[in-house]
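Inspection log for the structure reproduced underneath, given as structure tokens.
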Amino acid sequence: MLTQIKGLHHVTAMARDAALNNDFFTRVLGLRRVKQTVNFDEPSVYHLYYGDAAGSPGTIMTHFPFPHIARGRPGTGEVGTTAFAVPRGSLGYWQQRLAAARVGDLEVTESFGETRLGFRAPEGDALALVEVEDDARTPWVGNGVGEAEAIRGVHSASLRVRDGGASEELLRFMGYDAAARAGGVRRLVRPEGNGADLIDIEVLPEVGRADLAGAGSVHHIAFAVADRAAQLAVRAALLDTGYQVTPVIDRDYFWAIYFRTPGGVLFEIATNEPGFDRDEDSRHLGETLRLPRQHEHLRATLERTLQPLDVSGEAA
Ligand code: ZN
């Protein structure tokens, strides 16, 4: 069993409208935009990162806004809901805030002894806020949501699969323990993780495959390891177990490897190093377009063609 994985690193979803995406995750949810860069494989498209002040692993949700794509079609083989942790007693505030922002599908439910507020982002992302008693993570409070309510980081992500057994076996191999079952959902926990420690497996044997190429669908989910040595150890163990794992890819702010799980979900293992302050001052993360060296020659074109983010004139 692996010991190097310490919870989630980030969740990456598809989007269509970059300004709408930016507005929702910064102004409505109150996250900090910690990086404004492009998809390294498709540099005409943004890669926008939102998280806590530093973009700490386990607090980050990112998006690829492809300007002309359709909505994703939900199904199996994908991440269902990405949930963020908020302080106990704050859901009333959030319910009002999200209703005022005309956020859709607001629903309060109880599961696993927790109260959660589910909702949909403007482009369909299935999200939730879950009240957590003692989340030690320090929130970003620079976007108008106060300390008593602000998002602490990712709480959990759910995997929607037709057969939960293989996914559970894989997660146990990755260092997760079975924690609980409720309403057909199996919850696994990474003990002593980074705070984003829970994975919920939703078993949906009758549901067809999702179309992951559309807005609002999660593209992949990334797990955190401390450094490149830990990543190489995980890669070797996954290869030994029969997974097809990519070579290590430099994503400028972390190193990444990817593999497809038996349930169809794309997993990434990402390093905590070097982090989002490697190419800009930590006080000004995400304010200007950062490009990887291989795409720097495209800067003039991209600055002209990428959709402006801060359309309201408010800095995020
Ligand atoms: Zn990723």
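Be aware that the sequence shown starts at 448, since it is given in the numbering used here, and climbs by one per residue. Ideal placement from N, C-alpha and C gives every residue a C-beta, glycine not left out. Values in this document were obtained by computation on a predicted structure and should not be read as measured data.
Item to complete: Assign Ala465 to one of three DSSP states: helix, strand, or coil.
Response: helix
Item to complete: Run the CB neighbour count on Ser729, radius 10 Å, all protein chains shown included, and call it buried at 16 or more, exposed below.
Response: exposed
Practice prompt. Over the uninterrupted beta strand (DSSP E) stretch that includes Gln483, give me the two end residues.
Written response: Arg479 to Asn486
Item to complete: Sort out for me which residues DSSP pairs Glu578 with in a bridge.
Response: Val533
Worksheet entry | Sub-9 Å separation of Ala703 and Ala676 beta-carbons | no
Worksheet item: Which residue's Cα is closest to the Cα of Pro569: Arg737, Asn719, Leu476 and Ala684?
Response: Leu476
Worksheet item: Is there contact between the region 603-623 and the region 584-594, where contact requires at least three CB pairs shorter than 8 Å?
Response: no
Discussion item. Which residues end up in the neighbourhood of the ligand ZN when you take C-beta atoms closer than 5 Å to any of its heavy atoms?
Written reply: Thr459, Ala669 and Glu715
Worksheet entry | Cβ shell of Ile646 (< 7 Å), same chain only, five flanking positions each side left out | Ser603, Ala604, Leu606, Leu618, Tyr623 and Leu635
Worksheet item: Looking at C-beta atoms only, is the number of pairs between the region 497-510 and the region 638-657 that lie closer than 8 Å three or more?
Response: yes
Discussion item. Taking the straight line between their C-alpha atoms, what separation do you get for Glu715 and Asp658?
Written reply: 19 Å
Worksheet entry | Residues that Leu749 bridges to, as DSSP identifies them | In DSSP, Leu749 forms no bridge with anything.
Worksheet item: If you follow the beta strand (DSSP E) that Leu645 is part of, which residue opens it and which one closes it?
Response: Leu645 to Val650
Worksheet item: Which stretch, first to last residue, makes up the alpha helix (DSSP H) that contains Gly539?
Response: Leu538 to Ala547
Practice prompt. May I ask which residues mark the beginning and end of the beta strand (DSSP E) holding Glu489?
Written response: Glu489 to Gly498
Fill in: Pairwise C-alpha distance: Lys482 and Arg474
16 Å
Worksheet item: For Glu561, is the classification buried or exposed, using 16 other Cβ atoms within 10 angstroms of its Cβ as the cut-off for buried?
Response: buried
Item to complete: Could you give the DSSP three-state label for Gly612: helix, strand or coil?
Response: helix
Worksheet item: What's the gap between the Cα of Ala597 and the Cα of Asp581?
Response: 13 Å
Worksheet item: Skipping 5 residues on each side, what residues in its chain have a beta carbon closer than 8 Å to that of Glu761?
Response: Because Glu761 sits at a pLDDT of 47, beneath the cut-off of 50, its placement in the model cannot be relied upon, and the point is left open.
Fill in: Residue from Gly536, Glu720 and Arg463 whose Cα sits closest to the Cα of Gly571
Arg463
Practice prompt. Can you have a look at Glu489 and say buried or exposed, based on whether 16 or more other CB atoms are within 10 angstroms of its CB?
Written response: exposed
Worksheet item: With 16 as the cutoff for other CB atoms within 10 Å, does Ala763 come out buried or exposed?
Response: In this prediction, Ala763 has a pLDDT of 44, which is less than 50 and means its spatial position is unreliable; what the coordinates show is noted afterwards. Flag for Ala763 reads buried.
Fill in: 8 Å contact criterion, which Asp724 and Thr585 should meet: CB distance rounded
Their Cβ separation, rounded to whole angstroms, is 16 Å, which puts Asp724 and Thr585 out of contact at 8 Å.
Discussion item. Give me the DSSP bridge partner(s) of Leu713.
Written reply: Arg707
Item to complete: Classify Ala763 as helix, strand or coil using the three-state DSSP reduction.
Response: In this prediction, Ala763 scores a pLDDT of 44, lower than 50, which makes its location untrustworthy; the coordinate-derived value is nonetheless stated afterwards. Here Ala763 sits in coil by DSSP.
Item to complete: List the residues that DSSP assigns as beta-bridge partners of Val458.
Response: Met508 and Ile668
Fill in: Per-residue DSSP class, three states only, for Val758
coil
Worksheet item: Does DSSP put Glu561 in a helix, in a strand, or in coil?
Response: strand
Practice prompt. For the alpha helix (DSSP H) containing Val681, list its first residue and its last residue.
Written response: Arg675 to Thr688
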